[in-house]
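Comments concern the structure below.
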Amino acid sequence: MTQILQRYFDAFNAGDTDAMLDCLSEDVRHHVNEGQVRTGKALFAEFNAHMTRCYKERLTDMVLFEAEGGRRMAAEFVVNGTYLATDEGLPEAKGQTYRLPAGSFFDVDEDGLICRVTTYYNLADWVAQVSA
């Protein structure tokens, strides 16, 4: 069942938002590390457009987990990134690179689509890296 996660993360690494959206239910709930929960594919796509403008990221060292029954999943990975454009409320972007451990948690609906994405990382670690 983790194939849906593999497709999702392959699309992320390819910078292919449309392919990521294909993995999501229409009413996906997107819980970001800092900020409000976004509901629906349109808001997910809007978030991705913002992230693509500000950051170039590739995920490595991926480990996927599946809970019994395949409806809950998780991923642990390392975010390898470049800070491209200043994100509001964060340090100024100057092309800084960063390497950050992170994790995501997922719910999968009865159709096999991702209906919840929750991502966590250490924002203070990221700020320290791009401020150095």
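Numbered per the numbering used here, the sequence shown spans residues 975 to 1106.
Every residue gets a Cβ at the ideal spot worked out from N, C-alpha and C, and that includes glycine.
Please read all numbers here as calculations on a predicted model, not as lab measurements.
From residue i to residue j, what does the alpha carbon distance come to, in whole angstroms?
i: residue 1066; j: residue 1014; result: 30 angstroms
i: residue 1036; j: residue 1009; result: 25 angstroms
i: residue 998; j: residue 1106; result: 37 angstroms
i: residue 1103; j: residue 1002; result: 31 angstroms
i: residue 1034; j: residue 988; result: 13 angstroms
i: residue 1000; j: residue 1087; result: 9 angstroms
Kindly list the residues whose CB is nearer than 8 angstroms to the CB of residue i, restricted to its own chain and excluding five residues on each side of it in sequence; keep chain order.
i: residue 1101; result: 1064 and 1065
i: residue 1046; result: 1040, 1079, 1080, 1081 and 1082
i: residue 1058; result: 1027, 1028, 1029, 1030, 1067 and 1069
i: residue 1097; result: 1007 and 1008
i: residue 1011; result: 1003, 1004 and 1005
Could you give the DSSP three-state label for residue i: helix, strand or coil?
i: residue 997; result: coil
i: residue 1060; result: coil
i: residue 992; result: helix
i: residue 1097; result: helix
i: residue 1054; result: strand
So, is residue i buried or exposed, given that buried needs 16 or more other C-beta atoms within 10 angstroms?
i: residue 1049; result: buried
i: residue 1031; result: buried
i: residue 1024; result: exposed
i: residue 1094; result: exposed
i: residue 991; result: buried
Answer yes or no: the CB of residue i versus the heavy atoms of the ligand SAM, is any distance below 6 angstroms?
i: residue 1042; result: In the structure shown, the ligand SAM is absent, as is every other ligand, since no ligand is present at all.
By Cβ distance below 6 angstroms, which residues in the same chain neighbour residue i in space, the five residues on each side in sequence not counted?
i: residue 1055; result: 1029, 1031 and 1072
i: residue 980; result: none
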